[in-house]
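Novice: Below is a structure I'd like to ask you about.
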Amino acid sequence: MAAVLGLIIGVVVGVFVRPDIPVAIQPYLPIMVVAALDALLGAARAYFERRFSDRVFIISFFANVLTATLLVLLGNQLGVGSQLQTAVIVVLGIRIFSNVSAIRRFIFRG
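Below, the structure is given as structure tokens:
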């Protein structure tokens with residue numbers, strides 16, 4: 001519950017404060033957001049399956065964001081950044097929809 005509350009507070013503060021994002025980070029921000037969303041939905045799925053661990057969530061959250069960002073950074077260095085960015089988005093998108101599907105099945109199954 002604290003994570004959801006923190007997320008809501010962070011979004012509200014971000015909307016009103018409108019922080020400046022460094023130019024160097026801007027190309028990677030969408031990837032970071034999708035990777036973070038994947039970790040959040042994975043945590044929600046684990047919660048519904050009664051196997052949630054806050055330590056695993058924190059590690060997976062930062063590992064997802066860091067790994068996805070570094071993959072896209074590597075792709076940019078190799079000159080295939082847009083293709084690798086698309087691949088990362090597709091893989092994370094599949095995981096997101098898989099987690100949402102599992103959460104939906106759990107909710108409707110009761």
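Just so you know, full-length UniProt numbering puts 85 at position 85 of the sequence shown, and the rest follows in order with no gaps. Positions of the beta carbon are idealized from the N, C-alpha and C atoms, including for glycine.
With a threshold of 16 other CB atoms inside 10 Å of the CB of Ala24, please say whether the residue is buried or exposed.
Specialist: By the neighbour-count rule (16 or more Cβ atoms within 10 Å), Ala24 is not buried but exposed.
Novice: Work out the CA separation of Gly75 and Arg45 for me, nearest whole Å.
Specialist: Spanning the two alpha carbons is a distance of roughly 31 angstroms.
Novice: Can you give the Cα-Cα distance for Ala63 and Leu37, rounded to whole angstroms?
Specialist: One C-alpha to the other measures close to 13 angstroms.
Novice: Could you have a look at Ile21 and say whether DSSP puts it in helix, strand or coil?
Specialist: In this structure, Ile21 counts as coil in the three-state DSSP scheme.
Novice: By the three-class DSSP mapping on this structure, what secondary structure does Val80 have?
Specialist: Three-state result, Val80: coil.
Novice: Here's the rule I'm using: 16 or more other beta-carbon atoms within 10 Å means buried, otherwise exposed. How should Gly6 be labelled?
Specialist: Label assigned to Gly6: exposed.
Novice: What three-state label does DSSP hand Ser53 in the structure shown?
Specialist: Reduced to three states, the DSSP call for Ser53 is coil.
Novice: On the DSSP letters alone, give me the boundaries of the alpha helix (DSSP H) that Pro30 sits inside.
Specialist: Element bounds for Pro30: 29-48.
Novice: Please classify Ile96: is it buried, with 16 or more other beta-carbons within 10 angstroms of its beta-carbon, or exposed?
Specialist: Ile96 is buried by the Cβ-count criterion.
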